[in-house]
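Shown next, in structure tokens, is the structure this report addresses.
In our numbering, the protein residues as written are 860 to 1138.
Put into structure tokens, the structure is as follows:
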């Protein structure tokens, strides 16, 4: 079981575990349980027979079948419904699965790595996650550390990331980064963790690929823009802007006939100016 905030590299760790195990010659398959509806998750995991439901025009093997002998990685396993949890538990215990619409079972050799950003222990106490499934999945556990607790790594991650993106962009000019620019990144919250930093580095590489020195102003402008357009933690633009408005006692003259989008744009403009002024 891999636990930790989103963006802390749980998928990468799961892949590394597979690649260094005796199962490395078999398939590594993965599913983010939070991205699909319940019936689609079941079909992806267990597969389905032709005609099992509308649109099932041919048989499809599920991830448990495809990944038999290898590794099945279930990300955000805490998002599974209780009914799917029961079916997952049965598959883990009996090492057999039944495709949707099938009458017979198929033996599978399962090694499951589960991951979650939620507190499954608290969920079991509330009856939201099966305690028996939790015990089955949590034989070995590893908690990933958020980026804000590893600030000393940010400079190295920034430099290696920029070099990698420069190669991808077929540009290898030498560059320097102002220490104050690095300090700005080290003091940033990075609520989206390593994934958020990776996306930021890509944007930085694209917009400043030809400069010799990346300045604090460059970083500050991108961070301010990102707060508006790319909230890495999953927080909505509205939450970020509302917090800004509350903290800065923002006062707007609102025309009752003005469209909501126009009002939001006013707040965004004030927000950007506020961050650029402070940084």
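Cβ coordinates follow ideal geometry from the N, Cα and C atoms, glycine included.
It should be emphasised that the depicted structure is a prediction, and the values quoted were computed from it without experimental measurement.
Residue state for residue 946 is assigned as helix, using DSSP reduced to three classes. Residue nearest to residue 967 within the set 956, 995, 1049 is 956 (criterion: CA-CA distance). Under the three-pair Cβ rule at 8 Å, the region 975-990 does not count as touching the region 1008-1018. Membership of residue 932 in the beta strand (DSSP E) is indicated by the continuous run 930-934.
The shortest C-alpha to C-alpha distance from residue 860 to any of 993, 1048, 1004 is the one to 993. In the structure shown, residue 1003 falls within a coil segment according to DSSP collapsed to helix, strand and coil. In the DSSP assignment, residue 890 falls within the unbroken beta strand (DSSP E) covering 887-891. Annotated as distal: residue 1022 and residue 1072, with beta-carbon spacing of 8 Å or more.
For residue 1035, the CB contacts under 6 Å within the same chain, skipping 5 residues up- and downstream, are 1072 in chain order. If you keep only unbroken beta strand (DSSP E) runs of at least 3 residues inside the region 969-1029, you get 971-975.
Of the residues 1002, 1006, 872, 927, the one whose Cα lies closest to the Cα of residue 951 is 927. For residue 893, same chain residues with a beta-carbon under 7 Å away, outside a window of 5 residues either side, are 935, 938 in chain order. Here the alpha carbons of residue 904 and residue 896 stand approximately 12 Å from one another.
By DSSP's assignment, residue 917 forms no beta bridge with any residue. When the Cα atoms are used, residue 1002 and residue 868 turn out to be separated by approximately 11 Å. In the three-state reduction of the DSSP assignment, residue 955 falls in the strand class. Residue state for residue 1044 is assigned as helix, using DSSP reduced to three classes. DSSP places residue 871 in the helix class (H, G or I) of the three-state scheme. Fewer than three pairs of CB atoms, one per stretch, sit closer than 8 Å, so the region 869-881 makes no contact with the region 903-921.
Counting along the chain, residue 898 sits inside the alpha helix (DSSP H) bounded by residues 897-905. Rounded to whole angstroms, residue 1004 and residue 1012 show a C-alpha spacing of 12 Å.
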